[in-house]
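Peer 1: Add 87 to a position in the sequence shown, counting from 1, and you land on the number used in the working numbering.
Every residue gets a Cβ at the ideal spot worked out from N, C-alpha and C, and that includes glycine.
These figures come from a predicted structure and were not determined experimentally.
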Amino acid sequence: MAVAAKMSQFMEKSSWIRRMFEEGARLKKIHGEGGVFDFSLGNPNVPPPDIVREKLIELAKSEEHGMHAYMPNAGLVSTRSAMSAYFCQEFCISLAHEQVVVTCGAAGGLNIIFKALLDPGDEVLCPAPYFVEYGFYADNHGGVLKTTPTLEPDFNLDLDRMQEEIGPRTKIVLINSPNNPTGQVYPEESIARLGQILRAKSSQFGHVIYLVSDEPYRKIVYDNCCVPCVFVHYPDSLITSSYSKDLSLPGERIGFVALSPSASDGTKIIDALALANRILGFVNAPAIMQRLVVELQGVCVDVDIYKAKRDRLVSALTEFGYELTVPRGAFYLFPKSPLPDDIQFVRLLQEENILCVPGSGFAGPGHIRIAYCVDDSTIEGALPGFERAMKRSKGI
Ligand SMILES: Cc1ncc(COP(=O)(O)O)c(C=O)c1O
């Protein structure tokens, strides 16, 4: 077989979004682009702020020597400094540029963290539902992803359960807030208690358990919601984030990892992260993007655009009888599937030319994920189909 057995297995496992993509392409051929309502991908549809294009044009014209050269694997000092300065301003925590590594998006960030911290067989514990790539990333570096359920209906952390499930092989607890696929933002009290649990468990098992917070949606929050900073609550923590969602630049692969200034073995970890960037073949994050984000700290797409989409869908779907918790962040809704089998309901939606991902694809069976980072016309066009699918699921 040409493809390695494990990869063949992974290709099968990761196939939900791919299947949706293929189904979308098939339906679009029949019904045209406007006849298919595609909520399957978390690809931001709001264009990057104008200043992104202006700064990019400036950078493209620059004749500065070494603009496109290799650089230190952790990134340009100017970029790391701008990122740490913004961090200090946002969280009132003093963070030196040496605590920051510039990465190829949050995905690159997670991979260098796992490469730096995991020994073969080490476990990464993550609340479910979760971003499905986590399992592959852990496996990339010899780790094993373990999941722990969250509390319904709002998908908050089940801290008692987490406490039970953190074991001697747990090296990392990985959280994602605002969450993909649920849109949940974990409240400060939950993070504070998680910090206490991790201190106790680290001392029980005689090794540090790291808290990794994956935050590419940090700025996409609604209703004055704030994402708590894990550094305040636990010393051995790392944050990875990116500009993929808040500047609508997912194709440009730019993000960062920040290590808490209170982490033990901090210098060693940063050196390991930088080496991981190099030997995983990223080498460094794209030079032009590093220069771009220096001046764009704190800039964000207009979150009210996503909020309006969320509100429109929440109110219409609720009226049609869908059960859901109003998400406070990201751009996903995760309503209950009206049929016990979410895959069957997703098929029913497909018959209405609506593409969503079954919750099973995120270890959240019995739900569907609706990515509402789409044009308003897609939302409006899909509403009658959502209503009909609900009625059909009830045999009406
Ligand atoms: C939860 C989560 N983490 C990480 C990523 C990867 O983000 P990036 O494009 O910054 O690598 C995504 C992308 O959708 C995501 O949803």
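Taking the alpha-carbon of residue 299 as reference, which of 264, 288, 176 has the nearest alpha-carbon?
Peer 2: As a working mapping, residue 299 is identified with position 212 in the sequence shown. Out of 264, 288, 176, the CA that lies nearest to the CA of residue 299 is found in 264.
Peer 1: Can you tell me the Cα-Cα spacing of residue 382 and residue 169, whole angstroms?
Peer 2: Mapped onto the sequence shown, residue 382 falls at position 295. Mapped onto the sequence shown, residue 169 falls at position 82. Their Cα atoms are separated by approximately 8 Å.
Peer 1: Compute every distance between the C-beta of residue 364 and the non-hydrogen atoms of ligand 1, then say whether any falls below 7 Å.
Peer 2: Translated into the one-based positions of the sequence shown, residue 364 becomes position 277. No, the beta carbon of residue 364 sits no closer than 7 Å to any heavy atom of ligand 1.
Peer 1: Less than 7 Å separating the Cβ of residue 81 from some heavy atom of ligand 1?
Peer 2: No answer is possible for residue 81: it lies beyond the span of the chain, which begins at 88 and ends at 483.
Peer 1: Compute the Euclidean distance between the alpha carbons of residue 427 and residue 341, then round it to the nearest angstrom.
Peer 2: As a working note, residue 427 is residue 340 in the sequence shown. As a working note, residue 341 is residue 254 in the sequence shown. Each residue's alpha carbon lies about 39 Å from the other.
Peer 1: Does the distance from the CB of residue 435 to the CB of residue 420 come in under 8 Å?
Peer 2: Here residue 435 refers to the residue found at position 348 when the sequence shown is read from its first residue. Here residue 420 refers to the residue found at position 333 when the sequence shown is read from its first residue. Inclusion of residue 435 and residue 420 in the CB contact set at 8 Å is not warranted, their separation being larger than that value.
Peer 1: Count the other C-beta atoms from every protein chain shown that fall within 10 angstroms of the C-beta of residue 191, then say buried if there are 16 or more, exposed otherwise.
Peer 2: Residue numbering aside, residue 191 sits at position 104 when the sequence shown is read from its first letter. By the neighbour-count rule (16 or more Cβ atoms within 10 Å), residue 191 is buried.
Peer 1: So if DSSP puts residue 189 in a beta bridge, which residue, or which two residues, is it bridged to?
Peer 2: Start at 1 with the first residue of the sequence shown, and residue 189 comes out as number 102. Bridge partners of residue 189: 343.
Peer 1: Residue 318 and residue 178: beta carbons closer than 8 Å?
Peer 2: Stepping through the sequence shown from its first residue, residue 318 is reached at position 231. Stepping through the sequence shown from its first residue, residue 178 is reached at position 91. Taking 8 Å as the Cβ cut-off, residue 318 and residue 178 qualify as a contacting pair.
Peer 1: Taking only the alpha-carbon atoms, compute the straight-line gap between residue 236 and residue 277 and give it to the nearest angstrom.
Peer 2: Taking the sequence shown and counting its residues from 1, the one referred to as residue 236 is at position 149. Taking the sequence shown and counting its residues from 1, the one referred to as residue 277 is at position 190. So the two alpha carbons sit approximately 15 Å from each other.
Peer 1: For residue 419, which residues does DSSP report across the bridge?
Peer 2: Numbered from its first residue, the sequence shown carries residue 419 at position 332. BP columns for residue 419 point to 458.
Peer 1: Check for me: the beta strand (DSSP E) holding residue 212 runs from which residue to which?
Peer 2: As a working note, residue 212 is residue 125 in the sequence shown. Bounds of the beta strand (DSSP E) holding residue 212 are 210 to 215.
Peer 1: Since residue 444 contacts residue 107 with CB under 8 Å, what's their CB separation in whole angstroms?
Peer 2: Taking the sequence shown and counting its residues from 1, the one referred to as residue 444 is at position 357. Taking the sequence shown and counting its residues from 1, the one referred to as residue 107 is at position 20. Going by Cβ atoms, the distance from residue 444 to residue 107 rounds to 6 Å, so yes, they are a contact pair.
Peer 1: Name all residues in chain order for which at least one heavy atom of ligand 1 lies closer than 6 Å to the residue's CB.
Peer 2: 129, 192, 193, 194, 218, 263, 267, 301, 303, 329, 331, 337, 342
Peer 1: Are the beta-carbon atoms belonging to residue 307 and residue 333 less than 8 Å from one another?
Peer 2: In the sequence shown, counting from the first residue as 1, residue 307 sits at position 220. In the sequence shown, counting from the first residue as 1, residue 333 sits at position 246. Yes; because the gap between Cβ atoms is below 8 Å, this pair is in contact.
Peer 1: By alpha-carbon positions, which one of 232, 154, 180, 153 ends up nearest to residue 349?
Peer 2: Along the sequence shown, one-based indexing puts residue 349 at 262. Per the Cα distances, 180.
Peer 1: Taking only three categories from DSSP, how would you classify residue 246?
Peer 2: Locating residue 246 in the sequence shown gives position 159, where the first residue counts as 1. Residue 246: helix per DSSP, three-state reduction.
Peer 1: Please check the pair residue 416 and residue 304, which I expect to be a contact at CB under 8 Å, by giving their CB distance rounded to whole angstroms.
Peer 2: The sequence position of residue 416 within the sequence shown is 329, counting from 1. The sequence position of residue 304 within the sequence shown is 217, counting from 1. Confirmed, Cβ separation roughly 5 Å.
Peer 1: Excluding sequence positions up to five away, which residues of its chain have a Cβ less than 7 Å from the Cβ of residue 222?
Peer 2: On the sequence shown, position 135 is the one that residue 222 refers to. For residue 222, where only same-chain residues beyond five positions count, the Cβ hits under 7 Å are 232.
Peer 1: Are the region 445 to 459 and the region 155 to 174 touching by the rule of at least three beta carbon pairs closer than 8 Å?
Peer 2: Cβ pair count under 8 Å is below three, so no.
Peer 1: Can you tell me the Cα-Cα spacing of residue 270 and residue 384, whole angstroms?
Peer 2: One-based indexing of the sequence shown puts residue 270 at position 183. One-based indexing of the sequence shown puts residue 384 at position 297. Residue 270 and residue 384: Cα-Cα distance of roughly 23 Å.
Peer 1: Looking at the structure shown, is residue 233 part of a helix, part of a strand, or coil, going by DSSP?
Peer 2: Counting from 1 along the sequence shown, the entry for residue 233 is found at position 146. Reduced to three states, the DSSP call for residue 233 is strand.
Peer 1: Taking a contact to mean a Cβ-Cβ separation below 8 Å, would you say residue 228 touches residue 246 in this structure?
Peer 2: Here residue 228 refers to the residue found at position 141 when the sequence shown is read from its first residue. Here residue 246 refers to the residue found at position 159 when the sequence shown is read from its first residue. Pairing residue 228 with residue 246 gives a Cβ-Cβ distance that is not under 8 Å.
Peer 1: By alpha-carbon positions, which one of 114, 281, 293, 153 ends up nearest to residue 255?
Peer 2: Taking the sequence shown and counting its residues from 1, the one referred to as residue 255 is at position 168. Residue 293 is the option with its Cα nearest to residue 255.
Peer 1: Are the beta-carbon atoms of residue 309 and residue 386 separated by less than 8 Å?
Peer 2: The residue labelled residue 309 in the question sits at position 222 within the sequence shown. The residue labelled residue 386 in the question sits at position 299 within the sequence shown. No. Outside cutoff.
Peer 1: Helix, strand or coil: which one does DSSP assign to residue 379?
Peer 2: Along the sequence shown, read from residue 1 onward, the residue named residue 379 stands at position 292. Correct three-state label for residue 379: helix.
Peer 1: Tell me the DSSP secondary structure of residue 329 in three-state form.
Peer 2: Against the sequence shown, residue 329 aligns to sequence position 242. The answer is strand: DSSP assigns residue 329 an E or B state.
Peer 1: Do the CB positions of residue 123 and residue 404 come within less than 8 Å of each other?
Peer 2: By 1-based counting over the sequence shown, the position of residue 123 is 36. By 1-based counting over the sequence shown, the position of residue 404 is 317. In this structure, residue 404 does not lie closer than 8 Å to residue 123 by Cβ.
Peer 1: Could you give the DSSP three-state label for residue 369: helix, strand or coil?
Peer 2: On the sequence shown, position 282 is the one that residue 369 refers to. Of the three classes helix, strand and coil, the one that applies to residue 369 here is coil, per DSSP.
Peer 1: Looking at the unbroken alpha helix (DSSP H) that takes in residue 470, where does it start and where does it end?
Peer 2: Locating residue 470 in the sequence shown gives position 383, counting from the first residue. Run containing residue 470: 463 to 480, per the alpha helix (DSSP H) assignment.
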